[in-house]
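Visitor: Numbering (full-length UniProt numbering), first residue to last: 1 to 105.
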Amino acid sequence: MKKQNWNAEQYQKDASFVTQLGSPVLQLLAPQPREKILDLGCGNGDLTLQIQNYNCNVLGIDSSTDMIATATQKGLMAKVLSVEDLNYQEKFDAVFTKSEEAPSF
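#1: Could you give the distance in angstroms between the alpha-carbon of F96 and the alpha-carbon of E9?
#2: Just checking my contact of A71 with G45 at CB under 8 Å: how many whole Å lie between their CB atoms?
#3: Please confirm whether V58 and T65 have their CB atoms less than 8 Å apart.
#4: Using the three-state DSSP reduction, which class does L59 fall into: helix, strand or coil?
#5: Output needed for C56: all residues of its chain with C-beta closer than 8 Å, excluding positions within five of it in sequence on either side, in chain order.
#6: What residue range is occupied by the uninterrupted beta strand (DSSP E) comprising A71?
#7: Grab the span of the beta strand (DSSP E) containing D39 for me, first residue to last.
#8: With a threshold of 8 Å on Cβ separation, who are the neighbours of I51 within its own chain once the five nearest residues in sequence on each side are excluded?
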């Protein structure tokens, strides 16, 4: 896994626009209560938290330890994991990502 070295505090200061731009995409996702959703590249967890607020079971993954630490401080279930290393046997109802670099499946 190639770890990313994002600074969560700096990201919050400089890149809050990502959450603002990503929020309308959640309407396309249309999360339903109790759905299991995987958030690829969850970053600091801002959008993951919005999904969780729909009463969904959300797992956020990101390759940045600092970003995952911030996400878990928000009470989110999040793991340091690269999408390239994703070998989940668990099934999800939906997958969400705000990243333009996400691989196609």
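Glycine included, each C-beta is placed from N, C-alpha and C at the ideal position. Here the structure is a predicted model, which means the values were calculated and not measured.
Guide: In this structure, then:
#1: Indexing the sequence shown from 1 puts residue 96 at position 96. Indexing the sequence shown from 1 puts residue 9 at position 9. C-alpha separation (whole angstroms): 23 Å.
#2: Residue numbering aside, residue 71 sits at position 71 when the sequence shown is read from its first letter. Residue numbering aside, residue 45 sits at position 45 when the sequence shown is read from its first letter. Yes, A71 and G45 are in contact; Cβ-Cβ is about 3 Å, under 8 Å.
#3: What you label residue 58 is simply residue 58 of the sequence shown in a count that begins at 1. What you label residue 65 is simply residue 65 of the sequence shown in a count that begins at 1. No. Outside cutoff.
#4: For this step, residue 59 is matched to residue 59 along the sequence shown. Shown here, L59 sits in a strand according to DSSP, grouped into three states.
#5: By 1-based counting over the sequence shown, the position of residue 56 is 56. P31, Q32, P33, R34, E35, K36 and I37.
#6: As a working mapping, residue 71 is identified with position 71 in the sequence shown. Element bounds for A71: not the beta strand (DSSP E) but the alpha helix (DSSP H), T65 to Q73.
#7: In the sequence shown, the residue the question calls residue 39 occupies position 39. Per DSSP, D39 belongs to the beta strand (DSSP E) from K36 to L40.
#8: Walking along the sequence shown from the start, residue 51 turns up at place 51. Excluding positions up to five away in sequence, the list reads L26, L29, P31, I37, D39, V58 and F96.
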